[in-house]
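> As they're listed, the protein sequences go chains A and B. For the first sequence, position 220 (counting from the first letter as 1) is numbered 220 according to UniProt numbering, and the numbering increases by one without interruption. For the second sequence, position 281 (counting from the first letter as 1) is numbered 281 according to UniProt numbering, and the numbering increases by one without interruption. First the structure, then my questions, so here it is.
Number of protein chains: 2
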Amino acid sequence: RYFHFCKLPGRVMGIRLLRFTSVVIIVLLLVAGALTALLPNIKDDKMPNLRREPKTQSQSALDSFTLIMQTYNRTDLLLKLLNHYQAIPHLHKVIVVWNNIGEKIPEEVWNSLGPHPVPVVFKVQTVNRMRNRLQNFPELETKAVLMMDDDTLVSAHDLAFAFSVWQQFPEHIVGFVPRKHISTPSGIYSYGSFELQNPGFGNGDQYSMVLIGAAFFHSGYLEDFQRQPEAVYALIDETQNCDDIAMNFLVAKHTGKPSGVFVKPVDIRNLEKDTNSGYSGMWHRAEHLLQRSYCVNKLVNIYDGMPLKYSNIMISQFGFPNYANHKSKM
Amino acid sequence: RYFHFCKLPGRVMGIRLLRFTSVVIIVLLLVAGALTALLPNIKDDKMPNLRREPKTQSQSALDSFTLIMQTYNRTDLLLKLLNHYQAIPHLHKVIVVWNNIGEKIPEEVWNSLGPHPVPVVFKVQTVNRMRNRLQNFPELETKAVLMMDDDTLVSAHDLAFAFSVWQQFPEHIVGFVPRKHISTPSGIYSYGSFELQNPGFGNGDQYSMVLIGAAFFHSGYLEDFQRQPEAVYALIDETQNCDDIAMNFLVAKHTGKPSGVFVKPVDIRNLEKDTNSGYSGMWHRAEHLLQRSYCVNKLVNIYDGMPLKYSNIMISQFGFPNYANHKSKM
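Printed below as a string of structure tokens:
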């Protein structure tokens, strides 16, 4: 080809082209060099660091979590809570599961009061189902999910600490509300809290579930939840309850260990009474607790065994809020 | 042969022998049957269950621990503590490291007041060294070691719970006394407790060591300790101090994680003032804390880096002693 160029009219044209070509090549090399310098450093694909070092605002998938909050008939509480939760450290995004069928999402209000620290996605539902919040949402980018009921306020301090605990126990449900089952001589299980008899393994009480209405867990469990026996979905739909018990069964079965790790909250509040809607949560229904005992037994049938395991580990934050909260008389 | 027997004098002799032989055979079969019925059932060789189920008195290597208590000039406290500790659940054996050089062990007293629930071995030492307790004693049969100072009384409840926690975190030092190091702009480290500035990772305080004078740890670490750089032994001998800091360095280096897990004690007592010997512990020496800061910096040199990592996890027992000790205002 070189010789072809040389055949063009005159040596002058050939030299110009050569100069032009050289300039183009040099410019391209400079641009390439600049691009190389701008490439991000290769980061080690580390496991979540056990020690939470102060981070920049880079909210990578390992270092941040997605809040999933399902809401029904308490939009005033929802908006109050969103103002609080949108500013929690390490929050990546909020997914609001909108169970107010046929009602418009408050997107206008939300946008008019922007800008907001993180994206908030409203997922409009077609049927008001308790298990809507357990879908594997495509908007979910983080490994960690924080699931909160739409009437529960947990302090930022508690959430920041519990998130760091979850990072050390990523296969567990790490949360603030412990519950247990007990077995009876008849073999029938009963569901409850501290008011029930201790399971009898040494001193003190035990818990075998951590409720997902105020807890961190791995987003992979939402995927797993899509692959459960149909009877599980039927049970949750029939009772409009027990999705959290089902999740604990799922996690316990998966790990062979206690499903949850209980973090004792310093400041957790139920805002139910503050709502203008007059709507009070499902747990006020007369049959609520009986339903949950019923669910435990049904799930044992469905899963052909009792996978839940007991734990008596209670985790608190060292030196917070009281800087000497670990002192004992010595 | 049958025909040979028949050749014996008379058919009568033959019939008797036949009858006798048959009886012998039948008896042998009955005995064999009885032995088979008495054979023990084959048991699964299970991993230690995360849930501590009530056990029989079979103290297998996985389900029990060895108490190692070093003693110097406080035999009255030693005997008081032995009465308490000898009855702790899941205790396999006690090893008393006798640093009273030239003094007779109280074996006569001990035996005269028997029988005792567990074997107690007195290991007579030739030199009064702090690190004598960190030998890899041949009498040690369990995976778990409980190390206690000879002036520290921890309740059985606390020990039973902490042992169950250790079983869930076997690579950590699980104990009741947290401490930390802090770094300073000069790069020099300082050792201390909650009175020191927080390391500055979010809210609250952090600890980076759990002292071995009241803690469970894996017996394998005693083996590892025998293989440390000579400079470590020299440092401990020079200061008669810091063996516990050295152990924390060892464990942190080994695991790449925080060395300890802090269990908040309900009832821990220092019996120092109760001794008749007039001897008060090493930690009353004026230079004690300064020595420990010195040790931290020396160990960083020896190990060519700071392996200690921070944790803010504080573990308590759910529902004990107060059965609703997990309740928060909700």
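Don't be surprised by glycine CBs; every beta carbon is placed ideally from N, CA and C. From a predicted model like this one, the values you see are computed outputs, not experimental measurements.
Between which two residues does the beta strand (DSSP E) carrying residue 291(A) extend?
Counting along the chain, residue 291(A) falls outside any beta strand (DSSP E), though it belongs to the alpha helix (DSSP H) covering 288 to 302.
> What are the residues in the region 156 to 189 of chain B lying within 9 Å of chain A by C-beta distance?
Residues 157, 160, 161, 164, 165, 168, 176, 177, 178.
> Along the region 186 to 217 of chain A, what residues have a CB closer than 8 Å to any CB found in chain C?
Here chain C cannot be found, since the structure's protein chains are A and B.
> Does the beta-carbon distance from residue 222(A) to residue 136(A) come in below 8 Å?
Yes, Cβ-Cβ distance for residue 222(A) and residue 136(A) is below 8 Å.
> Could you tell me whether the Cβ of residue 264(B) comes closer than 8 Å to any Cβ of chain A?
Yes, its Cβ sits closer than 8 Å to a Cβ of chain A.
> Residue ranges of each alpha helix (DSSP H) run of no fewer than 4 residues wholly in the region 103 to 169 of chain A, ordered along the chain?
Runs of the alpha helix (DSSP H) inside the region 103 to 169 of chain A: 107 to 112, 156 to 168.
> Indicate the three-state DSSP secondary structure (helix, strand or coil) for residue 47(B) in the structure shown.
Legend: pLDDT at residue 47(B) = 39, less than 50; position of this residue unreliable, no value from coordinates given.
> Name, going along the chain, the residues of the region 247 to 261 of chain A whose beta-carbon falls closer than 9 Å to a beta-carbon of chain B.
Listed in sequence order: 256, 257, 258.
> Is there at least one Cβ from chain A nearer than 8 Å to residue 114(B)'s Cβ?
No, because no Cβ of chain A sits closer than 8 Å to the Cβ of residue 114(B).
> With respect to the beta strand (DSSP E) encompassing residue 175(A), which residues constitute its N-terminal and C-terminal limits?
173 to 175 is the span of the beta strand (DSSP E), which, as asked, contains residue 175(A).
> In chain A, what lies closer than 9 Å to residue 90(B) by C-beta?
By Cβ distance, chain A contributes nothing, its closest Cβ being about 10 Å from residue 90(B), past 9 Å.
> I'd like to check one pair, residue 130(B) with residue 248(B): are the Cβ atoms closer than 8 Å?
Cβ distance not < 8 Å, so residue 248(B) and residue 130(B) don't count as in contact.
> Determine the chain B residues that contact residue 315(A) at a beta-carbon separation under 9 Å, and present them in chain order.
Near residue 315(A) (Cβ distances below 9 Å), the residues of chain B are 313, 314, 315, 316.
> Going straight from the alpha carbon of residue 153(B) to that of residue 86(B), what length do you get?
One C-alpha to the other measures close to 12 Å.
> Excluding the 5 residues flanking residue 268(A) on each side, which residues of the same chain have their C-beta closer than 6 Å to its C-beta?
154, 176, listed in sequence order.
> Specify the secondary structure class of residue 91(A) as computed by DSSP and reduced to three states.
In the structure shown, residue 91(A) sits in a strand (DSSP, three-state: E or B).
> Any idea if residue 321(A) is buried or exposed, counting beta-carbon neighbours within 10 angstroms, 16 or more meaning buried?
Exposed is the call here.
> Say whether chain B places a C-beta atom closer than 8 Å to the C-beta of residue 286(A).
Judged by the 8 Å Cβ criterion, residue 286(A) is not in contact with chain B.
> Write down every uninterrupted run of the beta strand (DSSP E) in the region 227 to 298 of chain A whose length is 3 residues or greater and which is fully enclosed by it, in chain order.
Counting whole runs of 3 or more residues, the region 227 to 298 of chain A contains the beta strand (DSSP E) stretches 260 to 263, 268 to 270.
> Let me see if you follow: with CB-CB separation under 8 Å, is residue 320(B) close to chain A or not?
Yes, because at least one Cβ of chain A sits closer than 8 Å to the Cβ of residue 320(B).
> Please report whether the beta-carbon of residue 85(B) lies at a distance below 8 Å from any beta-carbon of chain A.
Output row for residue 85(B): interface = no.
> Run down chain B in chain order and give the residues with a C-beta less than 7 Å from the C-beta of residue 324(A).
The answer, in chain order, is 194.
> When the distance is taken between beta carbons, is residue 120(A) closer than 8 Å to residue 82(A)?
Yes. Within cutoff.
> Take every Cβ of the region 134 to 150 of chain B, pair it with every Cβ of the region 59 to 67 of chain B, and state whether three or more of those distances are shorter than 8 Å.
Touching, yes, given that three or more Cβ pairs across the two stretches are closer than 8 Å.
> Tell me, please, whether the region 304 to 321 of chain B touches the region 189 to 209 of chain A by the rule of three or more beta-carbon pairs shorter than 8 Å.
Verdict: yes, contact present.
> Can you tell me where the beta strand (DSSP E) holding residue 180(A) begins and where it ends?
Where residue 180(A) is concerned, the enclosing beta strand (DSSP E) stretches over 178 to 183.
> If distances are taken between C-alpha atoms only, which option among 289(B), 75(B), 310(B) comes closest to residue 151(B)?
The shortest Cα separation from residue 151(B) among 289(B), 75(B), 310(B) belongs to 75(B).
> Bridge partners of residue 67(B), per DSSP?
In the DSSP output, where bridge partners are listed per residue, residue 67(B) has 94(B), 146(B).
> Assuming contact is defined by CB atoms lying nearer than 8 Å, are residue 78(B) and residue 97(B) in contact in what I supplied?
Their beta carbons are not under 8 Å apart, which means residue 78(B) does not touch residue 97(B) by this criterion.
> Report all residues from its chain with a CB closer than 6 Å to the CB of residue 190(A); omit the five preceding and five following residues, and keep chain order.
Once the five neighbours on either side are set aside, the close Cβ partners of residue 190(A) are 182, 293.
> Would you identify the three-state DSSP class for residue 207(A), choosing helix, strand or coil?
In this structure, residue 207(A) counts as strand in the three-state DSSP scheme.
> Cutting at 6 Å between CB atoms, please list the residues of its own chain near residue 300(A), excluding the five before and the five after it.
Answer for residue 300(A): 306, listed in chain order.
> If you draw a straight line from the alpha carbon of residue 297(A) to that of residue 166(A), how long is it in whole angstroms?
C-alpha separation (whole angstroms): 29 Å.
> Indicate whether the contact test is met: 3 or more Cβ pairs, each with one atom in the region 202 to 212 of chain A and one in the region 255 to 274 of chain A, closer than 8 Å.
Yes: the two stretches touch, three or more of their Cβ pairs being nearer than 8 Å.
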